[in-house]
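The structure under discussion appears below in the form of structure tokens.
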Amino acid sequence: MDIRYLQSFVTVVERGSFAQAARQLDLTSTAVAARVKALEQSLGLTLVRRAGRSVRATEAGLRILDRARALLRDARDLAAAAEVDAPFGELKLGVFVSAMTSVLPPVLKRLYDSHPRLSVFVLPGSSVDLCRRVGEGELDAAVVVEPQFSIGKTCRWDAVMEEPLVVVAPATMQAGDPHELLRTEPFIRYDRSVVGGQLADRYLRDHGIVPRQRMEIDSLLGVAALVDQGLGVALLPDWSSMWSTKYALARIPLPGRAPVRRVGLAWQAQGPRAALAEAFLRECRAVFPGRAGAA
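FYI, in full-length UniProt numbering the residues of the sequence shown are 1 to 295.
Take a look at the structure:
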């Protein structure tokens, strides 16, 4: 059985379409479909079925999915164990969306300077999903907001930076009182399904502030753009990329000690890419020295 056929099958199921899988595998949709068809013929099973524009695993496909993932991990681990120039090779790295612009570029720049032969596969996603993938061995490491749950006995998480909550307002409101702005101005809420939004919601409730909510959105950059247009104020983690945009924004600190969103690296501490993940962590700390507070 060709391991590439298994890779194509797993990718199609995870991405939900032949086209998306083809983009990830750098193949044509026809080639991906042919590989999956060849795997089905070799097993005598129908593994996927089209449903409109999407593709879903059949019952037979779901039964072999976890075993297929395990075989792919074993094949990849075997190749990693044979490498002479560790920690070179491919790092499968997850990155939560906000960190794609603030953390990833400067850290990878340093890492490639030290390891020019390195290959990195980057998967964007939510911190919760990326932590799950690290715990299950699908990813070697992930840049995530501090997980609020155990990510697995073989995994570690270390902080890289802390981002305190700040009031983000139009630049003309720079002199405003933060609590008064949150009470009186239209409020653009950061999505409460993510840690940063949950921290903000808890802060508002703890201080008896009932904002005049205008909308709720899961995008720090999207919130910043709306604030720039004068549509309201927000309570957000002090995300560095927000201040490097063209938006005219005011950063207004909260009184006292503000809650913080902690960003760090989760990785498989006993996996074949552990040394490479730890090299990535060292470069994170070199780029962001002293940003992790007491962590």
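Positions of the beta carbon are idealized from the N, C-alpha and C atoms, including for glycine.
If you draw a straight line from the C-alpha of residue i to the C-alpha of residue j, how long is it?
{"i": "Lys-109", "j": "Arg-257", "result": "33 Å"}
{"i": "Leu-123", "j": "Ile-252", "result": "33 Å"}
{"i": "Ala-51", "j": "Ala-57", "result": "10 Å"}
{"i": "Leu-281", "j": "Ala-250", "result": "31 Å"}
{"i": "Leu-47", "j": "Ala-34", "result": "13 Å"}
{"i": "Ile-209", "j": "Gly-232", "result": "15 Å"}
{"i": "Lys-153", "j": "Leu-204", "result": "35 Å"}
{"i": "Val-84", "j": "Leu-104", "result": "Because the pLDDT at Val-84 is just 47, under 50, the model does not fix this residue reliably, and the value given afterwards should be weighed accordingly. Rounded to whole angstroms, Val-84 to Leu-104 spans 27 Å at the Cα level."}
{"i": "His-207", "j": "Gly-137", "result": "41 Å"}
{"i": "Ile-188", "j": "Pro-289", "result": "31 Å"}
{"i": "Gln-24", "j": "Ser-126", "result": "18 Å"}
{"i": "Val-263", "j": "Arg-69", "result": "28 Å"}
{"i": "Pro-99", "j": "Ala-234", "result": "The sequence given here has Ala at residue 99, not Pro. Using only the alpha carbons, I get a separation of about 19 Å."}
{"i": "Val-166", "j": "Val-195", "result": "15 Å"}
{"i": "Val-120", "j": "Leu-93", "result": "7 Å"}
{"i": "Gly-230", "j": "Phe-96", "result": "27 Å"}
{"i": "Ile-217", "j": "Asp-177", "result": "24 Å"}
{"i": "residue 297", "j": "Thr-30", "result": "A question about residue 297 goes unanswered here, because the residues of the chain that appear run from 1 up to 295."}
{"i": "Ala-159", "j": "Glu-146", "result": "7 Å"}
{"i": "Val-168", "j": "Gln-20", "result": "36 Å"}
{"i": "Ala-171", "j": "Arg-63", "result": "56 Å"}
{"i": "Leu-45", "j": "Ala-60", "result": "7 Å"}
{"i": "Thr-11", "j": "Leu-199", "result": "35 Å"}
{"i": "Ser-241", "j": "Ala-224", "result": "10 Å"}
{"i": "Val-32", "j": "Gln-213", "result": "46 Å"}
Contact defined as beta carbons within less than 8 Å: I believe residue i pairs with residue j. What is the distance between those atoms, to the nearest angstrom?
{"i": "Ser-54", "j": "Gly-16", "result": "5 Å"}
{"i": "Glu-163", "j": "Pro-237", "result": "4 Å"}
{"i": "residue 342", "j": "Leu-220", "result": "The structure shown does not extend to residue 342, since the chain spans only 1 to 295, so no value can be given for it."}
{"i": "Glu-144", "j": "Ala-266", "result": "According to the sequence as given, residue 144 is Val; it is not Glu. Val-144 to Ala-266, Cβ: 5 Å. Contact."}
{"i": "Gln-7", "j": "Val-134", "result": "The Cβ separation is near 19 Å, so there is no contact."}
{"i": "Leu-65", "j": "Ala-277", "result": "Not quite, the Cβ-Cβ distance comes to about 25 Å (not below 8 Å), so this is no contact."}
{"i": "Leu-111", "j": "Glu-283", "result": "5 Å"}
{"i": "Val-287", "j": "Pro-116", "result": "At roughly 18 Å, the Cβ-Cβ gap does not stay under 8 Å, so Val-287 and Pro-116 are not in contact."}
Is residue i helix, strand or coil when you go by DSSP?
{"i": "Gln-268", "result": "strand"}
{"i": "Val-97", "result": "coil"}
{"i": "Val-223", "result": "helix"}
{"i": "Glu-90", "result": "strand"}
{"i": "Val-48", "result": "strand"}
{"i": "Arg-8", "result": "Per the sequence shown, the amino acid found at residue 8 is Ser instead of Arg. Reduced to three states, the DSSP call for Ser-8 is helix."}
{"i": "Ala-75", "result": "helix"}
{"i": "Val-36", "result": "helix"}
{"i": "Leu-119", "result": "Before going on, a small fix: residue 119 reads as Ser here, not Leu. Correct three-state label for Ser-119: strand."}
{"i": "Pro-237", "result": "strand"}
{"i": "Lys-68", "result": "The displayed chain sequence assigns Ala, not Lys, to residue 68. Three-state result, Ala-68: helix."}
{"i": "Glu-136", "result": "coil"}
{"i": "Pro-164", "result": "strand"}
{"i": "Asp-85", "result": "Bear in mind that a pLDDT of 48 at Asp-85, under 50, signals an unreliable position, so the number given afterwards is only what the model happens to contain. Coil at Asp-85, not helix or strand."}
{"i": "Leu-204", "result": "helix"}
{"i": "Leu-231", "result": "coil"}
{"i": "Ala-175", "result": "coil"}
{"i": "Thr-30", "result": "helix"}
{"i": "Gly-61", "result": "helix"}
{"i": "Gln-198", "result": "helix"}
{"i": "Ser-244", "result": "helix"}
{"i": "Gln-41", "result": "helix"}
What is the residue span of the beta strand (DSSP E) that residue i lies within?
{"i": "Tyr-190", "result": "186–190"}
{"i": "Ala-57", "result": "54–57"}
{"i": "Gln-213", "result": "212–217"}
Quickly, what does DSSP pair residue i with across the bridge? List them, please.
{"i": "Asp-158", "result": "Leu-265"}
{"i": "Ala-142", "result": "Gly-94, Ala-266"}
{"i": "residue 326", "result": "Because the chain spans 1 through 295 in this model, residue 326 falls outside it and cannot be assessed."}
{"i": "Ala-250", "result": "Ala-169"}
{"i": "Val-260", "result": "Pro-164"}
Going by DSSP, what residue range makes up the alpha helix (DSSP H) through residue i?
{"i": "Ser-114", "result": "104–114"}
{"i": "Phe-280", "result": "274–287"}
{"i": "Ala-22", "result": "18–25"}
{"i": "Val-194", "result": "No alpha helix (DSSP H) holds Val-194; DSSP gives it neither H nor E."}
Of all Cβ atoms in chain B, is any one closer than 8 Å to the Cβ of residue i?
{"i": "Phe-288", "result": "Included in the structure is just one protein chain, with no chain B present."}
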